[in-house]
Amino acid sequence: MRNFTKRNSILIFFGSILLFFASCTPQKNLMYFQQKEGKDTIAHYKYTYPEGQSNYSPNYILEERDVLYITIKSSVDAESNKLFSDQNSNYALQSESGIYLNSYVVDRNGEINLPVVGKVNLKGLSIEEARNKIEKKVAEWIVDPVVICKMVSFKISILGDVNRPGTYTFYQDNVSIFDVVSAAGDLTYYGNREEVKIIRKTSTHDEVIKVDIRDVDVLKNPIYYLQPGDIVYVRSNKTTKSLSYFSQPLSTLTSSLSLIATIVTLVFALKK
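As C-alpha cells, then:
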C-alpha cells in the first residue's frame with residue numbers, strides 16, 4: 000500500500016508539472032521585434048532602404064469623407080483676415096467637437112467649399128499639396144496668406160484581445176500599428192501577435208491585411224503605417240486560450256489530489 004501511494008504521488012506530481020507547461024504560452028509568441036531564426040542574439044538591427052525608398056511614413060492621399068481643419072490668415076494685412084473671421088474663431092480650438100464643426104469635409108466630388116474662395120478640389124493630394132493649393136487660391140483674395148491644414152479624422156479602431164479596445168483619435172500626420180497597440184494598452188496574454196488583421200475601406204475597394212507584429216521586419220512593411228478609418232483586429236490564440244480553460248479545472252483537481260495524496264502518505268508514515 001505504501002508503494003502504491005508513493006507511486007500515485009509521483010504520478011500526480013509529474014502530471015501537474017506537465018499540465019503547467021502545457022498551459023503556458025511560449026515566450027517567443029509574446030515578444031515583439033524578433034529577428035529571423037538564428038539571428039535573435041544580434042544586439043543591433045539595421046536595415047538600409049534601397050535607393051529611391053524611404054523609411055518615413057508614406058504621404059496620406061486625401062479621399063472623400065476626410066475631414067480637414069484649415070486656418071487662413073494674412074501675415075501682413077489684419078483687415079483681410081475678416082474675410083475668414085468665422086473660420087478662424089477661437090471656438091474652433093476649445094474642444095474636439097469645436098474643431099470638427101469648424102472643419103471641412105471632402106465631398107463625393109473630392110472638393111471642399113471655402114468661404115469667399117469657393118470650391119477647391121483636394122482629392123488625390125497629400126496634406127502638404129492640399130495646403131499649397133489652398134494657399135495659392137486664397138492669395139487671390141488676401142496678401143501673403145498663411146494656411147494651416149491638418150487632418151481631423153485620423154481615427155483608428157482596435158478590437159479583439161487587447162486590454163482597452165475602442166476607437167482612438169491621433170493628432171499627428173502618421174500613425175503606426177504600434178501607436179494603436181500602445182493606446183489600447185497592448186495585446187492581452189492570449190492575443191495572437193502572429194496574425195493581427197488590418198481592415199481597410201477605401202472609396203474603390205475593401206481589403207483585409209494580415210501582419211505578424213512579432214517580426215522585426217514589420218518596421219519596413221508598408222502596412223506599418225495605418226490610414227484613417229483602419230480597423231485593427233486581434234484574434235485570440237485559440238490553442239493558448241483553450242489550454243487555459245482546460246487547465247483551470249484540472250489544476251484545481253490536481254491540487255486536491257496532491258493534497259489527498261500528501262495526507263494519505265503522512266497517515267501511513269505516522270502509523271509505521
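Residue 0 is where the sequence shown starts when you use numbering that gives the first Met the number 0, and the numbers rise one by one after that.
All C-beta atoms, glycine included, are put in the ideal place defined by N, C-alpha and C.
Pair within 9 Å by beta-carbon distance, residue i and residue j
{"i": "LYS196", "j": "VAL231", "result": "yes"}
{"i": "THR70", "j": "ILE147", "result": "yes"}
{"i": "LEU186", "j": "VAL217", "result": "no"}
{"i": "TYR99", "j": "LYS219", "result": "no"}
{"i": "SER125", "j": "LEU82", "result": "no"}
{"i": "VAL119", "j": "GLU127", "result": "no"}
{"i": "ILE212", "j": "VAL180", "result": "yes"}
{"i": "ASP160", "j": "PHE169", "result": "no"}
{"i": "VAL215", "j": "PHE32", "result": "yes"}
{"i": "GLU63", "j": "SER235", "result": "no"}
DSSP-derived helix/strand/coil call for residue i
{"i": "ILE222", "result": "helix"}
{"i": "ARG192", "result": "strand"}
{"i": "ASP216", "result": "helix"}
{"i": "TYR232", "result": "strand"}
{"i": "GLU206", "result": "strand"}
{"i": "LEU242", "result": "Residue placement at LEU242 is poorly supported in this model, since its pLDDT is 48, which falls under 50; the coordinates still yield a value, given next. LEU242 falls in the helix class under three-state DSSP."}
{"i": "LEU82", "result": "helix"}
{"i": "LEU121", "result": "coil"}
{"i": "LEU113", "result": "strand"}
{"i": "SER156", "result": "strand"}
{"i": "LEU67", "result": "strand"}
{"i": "SER181", "result": "helix"}
{"i": "GLY165", "result": "strand"}
{"i": "TYR170", "result": "coil"}
{"i": "LEU61", "result": "coil"}
{"i": "TYR99", "result": "helix"}
{"i": "VAL104", "result": "strand"}
{"i": "ILE197", "result": "strand"}
{"i": "ILE147", "result": "strand"}
Per-residue burial, residue i [other beta carbons within 10 Å of its own, 16 or more giving buried]
{"i": "ILE259", "result": "exposed"}
{"i": "LYS67", "result": "The sequence shown places Leu at residue 67, rather than the Lys named in the question. By the 10 Å Cβ count, LEU67 comes out buried."}
{"i": "ARG107", "result": "exposed"}
{"i": "ILE176", "result": "buried"}
{"i": "GLY51", "result": "exposed"}
{"i": "ASP205", "result": "exposed"}
{"i": "ASN191", "result": "buried"}
{"i": "TYR46", "result": "exposed"}
{"i": "TYR44", "result": "exposed"}
Nonlocal neighbours in the same chain, by C-beta distance under 6 Å from residue i, ignoring five residues either side
{"i": "GLU134", "result": "PRO144 and VAL146"}
{"i": "ASP292", "result": "The question about residue 292 has no answer, for the chain in this structure spans 0 to 271."}
{"i": "LYS149", "result": "TYR68"}
{"i": "TYR244", "result": "Residue placement at TYR244 cannot be trusted, given a pLDDT of 46 that sits under 50; the coordinates are not used to answer."}
{"i": "ASP229", "result": "ILE155, ILE197 and ARG199"}
{"i": "GLU194", "result": "LYS209"}
{"i": "ARG130", "result": "VAL146 and CYS148"}
Contact test: residue i Cβ vs the ligand FAD heavy atom, cutoff 8 Å
{"i": "PRO221", "result": "The model depicted lacks the ligand FAD and carries no ligand whatsoever."}
Contacting residues, own chain, Cβ-Cβ under 8 Å from residue i (five flanking each side not counted)
{"i": "GLY165", "result": "SER156, ILE157 and ALA183"}
{"i": "ALA138", "result": "PRO144"}
{"i": "ASN162", "result": "ALA183, GLY184, ASP185, LEU186 and THR187"}
{"i": "LYS136", "result": "LEU113, VAL116 and VAL119"}
Cutoff 7 Å; reference residue i; Cβ partners in own chain excluding five residues on either side
{"i": "GLN226", "result": "TYR59 and ARG199"}
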